[in-house]
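The next block holds one structure in the form of structure tokens; read it before the comments.
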Amino acid sequence: MKKELEQLRDEFLSAVKDVADAAGLEDLRVEYLGRKGKLAGIMKQLPSLAEDLRKDMGSFANEVKAAIETAFTEAHDSLHEIDRESRREVEWLDITMPGTQPKTGHLHLVTQAIEEVNNIFARLGFVLVRHPEVEWDLYAFESLNMPKDHPARDEWETFFIADGEKQMVGENGKVVLTPHTSNGQVREMEKGNMPIRMININKCYRRQSDVSHAPMFHQFEGLMIDKNVTIAELKGTIDFFAKNFFGADREIRLRPFHFRFTEPSFEIDITCDVCKGTGGDESAVCRLCKDGWLELGGAGMVHPNVLKAGNLDPDEYTGFAFGWGVERTMMMKAGLNIADIRTLYRNDLRFLRQF
Ligand code: DAH
142 MKKELEQLRD
152 EFLSAVKDVA
162 DAAGLEDLRV
172 EYLGRKGKLA
182 GIMKQLPSLA
192 EDLRKDMGSF
202 ANEVKAAIET
212 AFTEAHDSLH
222 EIDRESRREV
232 EWLDITMPGT
242 QPKTGHLHLV
252 TQAIEEVNNI
262 FARLGFVLVR
272 HPEVEWDLYA
282 FESLNMPKDH
292 PARDEWETFF
302 IADGEKQMVG
312 ENGKVVLTPH
322 TSNGQVREME
332 KGNMPIRMIN
342 INKCYRRQSD
352 VSHAPMFHQF
362 EGLMIDKNVT
372 IAELKGTIDF
382 FAKNFFGADR
392 EIRLRPFHFR
402 FTEPSFEIDI
412 TCDVCKGTGG
422 DESAVCRLCK
432 DGWLELGGAG
442 MVHPNVLKAG
452 NLDPDEYTGF
462 AFGWGVERTM
472 MMKAGLNIAD
482 IRTLYRNDLR
492 FLRQF
């Protein structure tokens, strides 16, 4: 057994000299020192030896093992050193060289507009919220004074959510993609934190796709509810927004309109930037507005039925609401005439980098 051990040691010591890389060295380690390796094979004889002989052979085997391990460690270290040397040649770095500037991006222009809208209303104490995009019929329509099967709903070109082939229906009615941010009104009232000054900015979805409609777009919805809120507050708030967003010289007007969820309801117009509200002169009408006014969007005093749906007493509370398209409002400000509004969402960097 002593002979075998000596032979094993010499074999290893010569083999380790020929090893060229870390993988080869590892193979060698397993072959000799592994659990089923050559050394372990010889050691199996130990128990069958006479006791004093067993002692001697045991300690000799340990010497052999230590010699092999030392040789292994040396080989391992020198391979590592070689590796480092060669890497040093390839991977050197000139730290005095000027760096490469990382490409800087910027926010999408719709995101920029959302931030700006939010900042203006924040100064009036309106709190930014976001209510669900996948919504119950209850919040998207019914609680907004639009009973089931009411024809007014048709205007919203709604997407319905199906489970397989079947329309998804739950305790609050059908499941839809919210077609407007007005769904946040009753949801906000249900929180029960009075008074309310919310600005709900979110994605909306409608089954429309043409040069002036994208099936996904954004709206911002303002809602203020408190005791004794009147049209004066509505007008003041929107005037504040118009002057801060569009410019100090812009005027607004309220034009009577009809929505189911407000009473009275208005369309808000703003003076045209091109003709400064004149509508043109004797020689020509304004090319943009024709009559001095541009339409911003809808607004009104919250309908008593909507307050009731939000568990509020219409004799105690009143409020106003407005809901406008972010994309449209933004384009009006910049005087942007984007030939196809859907370009905003095609992720073409050549287009987006311009803004
Ligand atoms: N939700 C309406 C729409 O999408 C817009 C609107 C009109 C919102 C009047 C309001 C409002 O809050 O008072 O067409």
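FYI, the numbering for the sequence shown is 142 to 496, going by the working numbering. Glycine included, C-beta positions come from ideal geometry on N, C-alpha and C. Predicted, not measured: the structure shown is a model, and the values here were computed from it.
Assigned with DSSP and collapsed to three states, K449 falls in helix.
In the structure shown, N341 falls within a strand segment according to DSSP collapsed to helix, strand and coil. Within the DSSP secondary-structure output, E362 pairs in a beta bridge with N341 and G464. Remark: the C-beta of E362 is in contact range of ligand 1, defined as less than 7 Å to any heavy atom.
In this chain, the alpha helix (DSSP H) harbouring T211 covers E192 to V231. Around the CB of W233, fewer than 16 other CB atoms lie within 10 Å, so the residue is classed as exposed.
Short note on H321: C-beta closer than 7 Å to some heavy atom of ligand 1.
8 Å or more divides the Cβ of V270 from the Cβ of F361.
By the CB criterion at 8 Å, A161 and L169 fall outside the cutoff. Distances taken from the Cβ of S350 to the heavy atoms of ligand 1 include none shorter than 7 Å.
Under the three-state reduction of DSSP, G182 is assigned to helix. When the Cα atoms are used, V310 and D304 turn out to be separated by approximately 9 Å.
Three or more Cβ pairs closer than 8 Å define a contact, and the stretch 318-331 falls short of that threshold against the stretch 418-434. Looking from the CA of F201, the closest CA among M238, T214, L187 and A212 belongs to L187.
Counting only residues of its own chain and dropping the five nearest sequence neighbours on each side, L220 has a CB closer than 6 Å to the CB of A163. Within a 10 Å sphere around the beta-carbon of R487 sit fewer than 16 other beta-carbons, which makes this residue exposed.
Taken from the Cβ of F282, every heavy atom of ligand 1 lies 7 Å or farther away.
Take the alpha-carbon of F153 and the one of I209: they are about 7 Å apart.
The bridge partners DSSP lists for F398 are S406. Between the stretch 446-459 and the stretch 214-229, the count of C-beta pairs closer than 8 Å stays below three; the two stretches do not touch. If you draw a straight line from the Cα of E283 to the Cα of K289, it is about 7 Å long.
With a contact defined as Cβ atoms closer than 8 Å, G464 and S353 miss out at about 18 Å. Under the DSSP definition of a beta bridge, G438 partners with I409. In the structure shown, the three-state DSSP call for Y458 is coil. When rounded, the separation of the alpha-carbon atoms in M442 and L250 is 31 Å. With contacts defined as CB atoms closer than 8 Å, D380 and I393 qualify as a contacting pair.
The way I'd put it, the stretch 191-207 does touch the stretch 144-152; three or more beta-carbon pairs between them come closer than 8 Å.
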